[in-house]
Each structure stands twice: as structure tokens, then as C-alpha cells.
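Undergrad:
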Amino acid sequence: MIERPAGLEEFLGQEKVRKILKIAIESAKRRGEPLDHVLFYGPPGTGKTTLSMIIAKELGREIKIVSAPTIERKGDLIALITSLNEGDVLFIDEIHRLNRAIEESIYSAMEDFRIDIVTGGTRAKSFSIDLPRFTLIGATTRLNLLTPPFRSRFGIICRLELYSVPELKEIAKRNSVKLNINLTERALEVLARCSRGTPRILNQLLKRFRDYATVNNWDRIDEKRAEEILRELGIDSYGLDHMDRKILKTIAETFKGGPVGLNVLATVLKEDVDTIENVHEPYLIELGLIVRTPRGRKVTAKALEILGYKVAQPFLI
Numbered sequence: 042m043i044e045r046p047a048g049l050e051e052f053l054g055q056e057k058v059r060k061i062l063k064i065a066i067e068s069a070k071r072r073g074e075p076l077d078h079v080l081f082y083g084p085p086g087t088g089k090t091t092l093s094m095i096i097a098k099e100l101g102r103e104i105k106i107v108s109a110p111t112i113e114r115k116g117d118l119i120a121l122i123t124s125l126n127e128g129d130v131l132f133i134d135e136i137h138r139l140n141r142a143i144e145e146s147i148y149s150a151m152e153d154f155r156i157d158i159v160t161g162g163t164r165a166k167s168f169s170i171d172l173p174r175f176t177l178i179g180a181t182t183r184l185n186l187l188t189p190p191f192r193s194r195f196g197i198i199c200r201l202e203l204y205s206v207p208e209l210k211e212i213a214k215r216n217s218v219k220l221n222i223n224l225t226e227r228a229l230e231v232l233a234r235c236s237r238g239t240p241r242i243l244n245q246l247l248k249r250f251r252d253y254a255t256v257n258n259w260d261r262i263d264e265k266r267a268e269e270i271l272r273e274l275g276i277d278s279y280g281l282d283h284m285d286r287k288i289l290k291t292i293a294e295t296f297k298g299g300p301v302g303l304n305v306l307a308t309v310l311k312e313d314v315d316t317i318e319n320v321h322e323p324y325l326i327e328l329g330l331i332v333r334t335p336r337g338r339k340v341t342a343k344a345l346e347i348l349g350y351k352v353a354q355p356f357l358i
């Protein structure tokens with residue numbers, strides 16, 4: 042079983058974010074006050090939930106984890122926050138999906154640790170409920186969907202980046218020991234290179250490596266075996282899966298290399314817009330295979346070469 046890192050020192054990657062959090066946590070502990078509210082944003086699977094759990098552990102407090110769509114009414118929010126103790130952490134995943142009424146209700150809870158209630162009909166009365174001083178941690182892949190007033194109430198805003206191959210290789214080396222599988226250095230590098238810059242995907246692939254090793258009675262997975270497993274899983278040497286290649290091929294062939302709008306592309310591919318934008322696009326952009334322009338997405342010369350096309354000269358991207 043692969044366990045989450047227990048502390049900031051065990052967490053690999055995101056060095057700038059770890060430094061910011063380390064200082065902020067130590068300061069909060071010395072002052073005896075709750076940590077400032079934290080907002081994590083970035084691609085899925087880069088450590089937002091794990092870091093939130095680590096923050097609570099470093100503070101010596103409890104954490105309550107909830108997904109934004111489950112908070113449907115103001116009463117749900119009040120019940121959540123009043124169940125916290127002083128200094129505890131409330132983690133809201135997909136925080137951009139909070140409805141506007143809930144978002145506005147949380148403003149006073151974040152700033153003044155109170156929430157206003159209105160009761161009654163024609164003789165409505167308003168009163169406030171005092172709340173425990175808590176730390177709200179929000180996680181989102183869509184920072185642009187948070188309103189400016191909401192974003193401004195977070196004291197610490199951190200962007201989590203995709204991981205480098207050396208960082209992923211180190212994570213793979215550590216977690217392969219936990220799963221009791223033996224990978225050569227070259228196999229670790231192949232795995233890291235095909236993990237799309239994301240520890241979550243790396244760990245998923247590592248478990249599939251364990252499956253193949255168990256079924257085939259392999260005492261070691263070398264580079265050749267690693268590449269064989271990835272081929273059977275539909276993943277190429279760049280870490281691209283079937284949908285990645287389909288996106289690139291559609292832009293290259295159907296739309297003559299682009300530009301093409303995201304909604305049009307999603308319609309042609311019969312795929313959800315959010316899936317393309319949040320799951321596939323960040324990695325394709327990171328690899329330099331597509332670019333965003335004011336008129337839409339375009340494939341690059343590198344993408345055309347990977348797809349096996351002859352690149353006409355001059356090709357400006």
C-alpha cells in the first residue's frame with residue numbers, strides 16, 4: 042500500500058510551495074493562532090489534498106474533508122464549520138463549484154469567524170453565530186472560476202506545478218519499495234517519463250507494474266518490460282494515451298493544424314470540455330504539443346512529428 046507523506050519533509054516536489062507552507066505553519070504555531078486560509082490550484086493529482094492533510098498534521102489539528110458540490114445549503118456550511126474545534130482545518134475540494142449563495146455566506150466566516158442568519162417571514166430577524174477560529178483550505182483546477190472577492194480572502198495562494206522527470210523518478214523509487222517490486226534505474230526513468238508530470242498517475246502505473254510482475258513471476262522489471270507494459274496499457278513513450286493522440290490528430294487533420302475553439306473540438310471528439318481542458322490539455326501544453334491562441338488551439342511542429350507527419354517548412358510554431 043502506498044501511504045501519503047506524513048510531513049512536509051517527506052513530501053517530494055513543489056519545493057517553493059513547501060517553503061511557503063513551512064514558514065507559515067511555524068509562524069502560526071509560535072503565535073498560537075490559526076493558519077491563514079490557503080488556496081491550492083493546479084492540475085489534478087499534483088498533491089493538493091495531500092498537502093492539506095500534511096498542514097493539519099503539522100499544526101496538530103484535525104481536518105474535515107468535503108467536496109464543494111455536497112454543500113448545497115447554508116445550513117450544510119454552518120453544520121460543517123460548527124463541528125470544528127478551535128484551529129481545525131476545513132478542506133473543500135473543487136471549491137470553484139460552490140454555488141454563489143454559499144460562497145457569499147462564507148466570506149464573514151473566513152474574515153470574522155461568524156456567520157449571519159436571517160429567520161422569520163414578514164418579521165424577519167437577523168443574528169450572528171460565532172464560529173471557532175479555523176483554517177479553510179480550498180483546492181481547485183479552475184482558479185478563473187473563483188470570483189475576485191473570494192480569492193482575495195485567502196491569505197496563502199499556491200500554484201502546484203507538474204512534476205519533473207527526476208522528481209517523479211524519486212517518488213517511483215520510494216513507492217516501488219513500499220509495493221515490494223524491483224525496478225531497474227532505466228525502468229524507473231521510463232515510468233517517470235510516462236507519468237504525465239503527475240504523482241497520482243505514476244502511482245496508478247506503478248500498481249499496474251506490480252500486477253504484471255505478480256502474474257508473470259518477474260523478480261525485476263527492466264526497461265524492456267516497462268515499455269512492454271506501457272504499450273499494453275495504451276501509453277506511448279511520451280506518456281500520451283489514446284485520447285491525447287486523438288486530440289492532436291483531430292486538430293492536425295480535421296482542422297488543418299488549428300486554430301480550433303475548445304467547444305468545437307469537444308463536440309467533434311464527443312468529449313467533455315472540462316476533461317479536455319483540465320486532464321489532457323495541461324500535459325499537452327507542458328510537452329509543447331499544442332498552444333493556446335486567441336482564436337483557439339493549434340498543434341505544434343513537435344506534435345506533427347510525433348504523429349508521423351512531414352512538417353512543411355516554414356512551420357512557425
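Here the numbering used here is used: the first residue of the sequence shown is 42, the next is one more, and so on. Beta carbons: idealized from backbone N, C-alpha and C, even for Gly.
Pull up the CB-CB distance for G329 and Y204, whole angstroms please, since I reckon it's below 8 Å.
TA: So it is not a contact: roughly 17 Å between Cβ atoms.
Undergrad: Cutting at 6 Å between CB atoms, please list the residues of its own chain near I43, excluding the five before and the five after it.
TA: Here the set comprises N216, K219, N244.
Undergrad: Quick check: what's the CA-CA separation for A254 versus I242?
TA: Computed Cα separation, rounded: 18 Å.
Undergrad: DSSP three-state label for K115, please.
TA: K115 falls in the helix class under three-state DSSP.
Undergrad: Below 8 Å between beta carbons: does that hold for M94 and R45?
TA: Yes. Within cutoff.
Undergrad: Just verifying my parser: in three-state terms, what is the DSSP assignment at K311?
TA: If DSSP states are grouped into helix, strand and coil, K311 belongs with coil.
Undergrad: Using the beta-carbon count (16 or more within 10 Å), is I156 buried or exposed?
TA: That one is buried.
Undergrad: Could you check where the beta strand (DSSP E) with T181 kicks off and where it finishes?
TA: Residues 176–181.
Undergrad: Measuring straight from C-alpha to C-alpha, what distance separates V107 and E318?
TA: Their Cα atoms are separated by approximately 24 Å.
Undergrad: What residue range is occupied by the uninterrupted alpha helix (DSSP H) comprising V301?
TA: Note, V301: premise wrong, no alpha helix (DSSP H); not H, not E.
Undergrad: Go ahead and label R174 buried or exposed: buried means 16 or more other beta carbons lie within 10 angstroms of its beta carbon, across all protein chains shown.
TA: Burial call: exposed.
Undergrad: With a threshold of 6 Å on Cβ separation, who are the neighbours of D260 within its own chain once the five nearest residues in sequence on each side are excluded?
TA: Result list for D260: empty, nothing under 6 Å.
Undergrad: Answer yes or no: do G88 and F52 have a C-beta to C-beta separation smaller than 8 Å?
TA: Yes.
Undergrad: Taking I222 and I262 to be in contact with their CB atoms under 8 Å, please state how far apart those CB atoms are, rounded to whole angstroms.
TA: Yes, they are in contact, since the Cβ atoms of I222 and I262 sit about 7 Å apart, within 8 Å.
Undergrad: Using a Cβ-Cβ cutoff of less than 8 Å, which residues in the same chain neighbour V265 once the five nearest sequence positions on both sides are dropped?
TA: Before going on, a small fix: residue 265 reads as Lys here, not Val. Counting only Cβ-Cβ distances below 8 Å, and skipping sequence neighbours, we find nothing.
Undergrad: Assuming L235 and I197 make a contact with CB atoms under 8 Å, what is their CB distance in whole Å?
TA: Leu is not the amino acid found at residue 235; the sequence shown has Cys there. The Cβ separation is near 33 Å, so there is no contact.
Undergrad: Can you look up S169 in the DSSP assignment and give me helix, strand or coil?
TA: Note: S169 maps to strand in three-state DSSP.
Undergrad: So which of E99, E312, E226 has the shortest CA-CA distance to V130?
TA: Residue E99 is the option with its Cα nearest to V130.
Undergrad: In angstroms, rounded to a whole number, what distance separates the CA positions of I112 and E312?
TA: Cα to Cα, the separation comes out at about 27 Å.
Undergrad: Going by beta carbon distance, what residues of the same chain come within less than 7 Å of K210, once the five residues before and after it are set aside?
TA: Taken in chain order, the residues that qualify are L229, E230, A233.
Undergrad: Tell me whether D252 sits in a helix, a strand or coil according to DSSP, three-state version.
TA: Looking at D252 - three-state DSSP - the assignment turns out to be helix.
Undergrad: If you follow the alpha helix (DSSP H) that V79 is part of, which residue opens it and which one closes it?
TA: Careful: V79 lies outside any alpha helix (DSSP H), inside the beta strand (DSSP E) at 79–82.
Undergrad: What are the boundary residues of the alpha helix (DSSP H) that includes R234?
TA: Taken as a continuous stretch (DSSP letters only), the alpha helix (DSSP H) holding R234 covers 226–234.
Undergrad: Which residues bound the alpha helix (DSSP H) around T91?
TA: That run of the alpha helix (DSSP H) goes 89–100.
Undergrad: Sorted by chain position, which residues of the same chain lie with C-beta nearer than 7 Å to L125's C-beta, five sequence neighbours on each side aside?
TA: Here the set comprises K105, L131, P173, F175.
Undergrad: Kindly indicate which residue of S149, E67, F81 has the alpha-carbon position closest to the one of G101.
TA: For G101, the nearest C-alpha among the options comes from E67.
Undergrad: Quick check on the DSSP output: the beta strand (DSSP E) that includes D134 runs from which residue to which?
TA: 130–134 is the span of the beta strand (DSSP E), which, as asked, contains D134.
Undergrad: Measure the alpha-carbon distance for G349 versus I136 and round it to whole angstroms.
TA: Cα-Cα distance, rounded: 41 Å.
Undergrad: Based on the DSSP secondary-structure assignment, which residues constitute the bridge partners of R333?
TA: R338, per the DSSP bridge assignment.
Undergrad: Output the distance between the C-alpha atoms of G337 and V79, rounded to the nearest integer angstrom.
TA: Rounded to the nearest angstrom, the two C-alpha atoms are 32 Å apart.
Undergrad: Is R249 closer than 8 Å to L274 when the C-beta atoms are compared?
TA: Cβ distance < 8 Å, so L274 and R249 count as in contact.
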